[in-house]
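The sequence shown begins at 3 in our numbering and counts up one residue at a time. For glycine and all other residues, C-beta sits at the position ideal for the given N, C-alpha and C. Presented below is the structure to which this report refers.
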Amino acid sequence: GRKLAQAGVRNVRLVLLDGRFGLRELFPDGSVERVIANFPCPWPKARHAGRRLVREDFPRTLGAVLREGGRFELTSDHLPFLEEAREALEGCGCFVLEGPSPVEGVPRTRYERKWRLRGLEIRRLVARKVKGTGVERIAEGTMPHVHVPKELSPEEILRVRGLKEVWPEGSFVVKEGYISPDGGEVLLRAHATDRGFHQHYFILVHREKDGWMVKLDGASLPFRTPAVKRSVAAVGEYLLRKGG
């Protein structure tokens, strides 16, 4: 960010986010000209295979968000990683592939210069989109609020700590809780996972005239994924079963 500011570049936005999730959820179909991935971690160990970039539905995400003729460029010094990525992209049926081929010319990145100085061969895999596909987006829709028309003490609400649910594509757990000095609010720290995308956030239980309101806390802004939505609803359901 500092170098961009010093150079006076204005048409760049920086986002610290899981690339697989962000590309799918932040960009409409057919809106991207080029996706460049330089030296992502290859995660060579078998037990870490699920962390590799070109896995699961990532090829379908590229097939959806890239324009017709748009390109995905993947550069790495780890040939098995590139070969696995090529196989996954071929399986999608949306791309014409080139490589992985040795990279010539001036290094584009600091890592490329570093690896070349170590004598490593740098290769690039290029996938050009020739056919579109669809992809399911999960960070959409409204966020649930749950009204709990019951007289509960803040201490009773804190008993929701440890509440968790797990299903094939996601999970959540309520970790810790904090009571405000006046007892009018209980803040619950939660963690949710959707298809391997992790989020930490807070659920607010706020006192009202006729009970309590359960909602997502405004100070934390998680993506409204199914697991986040389910956690808010589940806390509300738990409290509805408690008290008088």
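- Taking C-beta atoms as the reference points, Leu190 and Val207 count as a pair closer than 8 angstroms.
- The three-state reading of DSSP puts Ala221 in coil, since its state is none of H, G, I, E or B.
- Of the residues His193, Ile181 and Lys116, the one whose Cα lies closest to the Cα of Ile159 is Ile181.
- A straight-line Cα-Cα distance of about 41 angstroms links Phe204 and Lys116.
- With 16 or more other Cβ atoms from the protein chains shown falling within 10 Å of its own Cβ, Ser78 counts as buried.
- The Cβ atoms of Pro61 and Cys94 lie closer than 8 angstroms to each other.
- The alpha-carbon separation between Arg120 and Leu18 amounts to approximately 29 angstroms.
- When rounded, the separation of the alpha-carbon atoms in His202 and His193 is 5 angstroms.
- Residue environment for Val132: exposed (fewer than 16 other C-beta atoms within 10 angstroms of its C-beta).
- The C-beta of Leu76 has 16 or more other C-beta atoms within 10 Å across all chains shown, which makes the residue buried.
- A straight line joining the alpha-carbon of Thr135 with that of Val188 spans about 44 angstroms.
- Distances from the alpha-carbon of Asp184 to those of Gly71, Arg209, Glu89 and Thr144 put Arg209 closest.
- Residue environment: Ser233 is assigned as buried (16 or more neighbouring CB atoms within 10 Å of its CB, all protein chains considered).
- CA-to-CA, the gap between Pro30 and Val67 works out to about 6 angstroms.
- With respect to the 8 angstroms criterion, Ala129 and Phe97 are classified as neighbours on the basis of their beta carbons.
- Judged by their CB atoms, Leu16 and Lys152 are not nearer to each other than the 8 angstroms cut-off.
- Exclusion of the five residues before and after Arg69 leaves Gly32, Ser33, Val34, Glu35 and Lys131 as the residues of its chain whose Cβ lies within less than 8 angstroms of its Cβ.
- Spanning the alpha carbons of Lys177 and Arg161 requires a straight line of approximately 11 angstroms.
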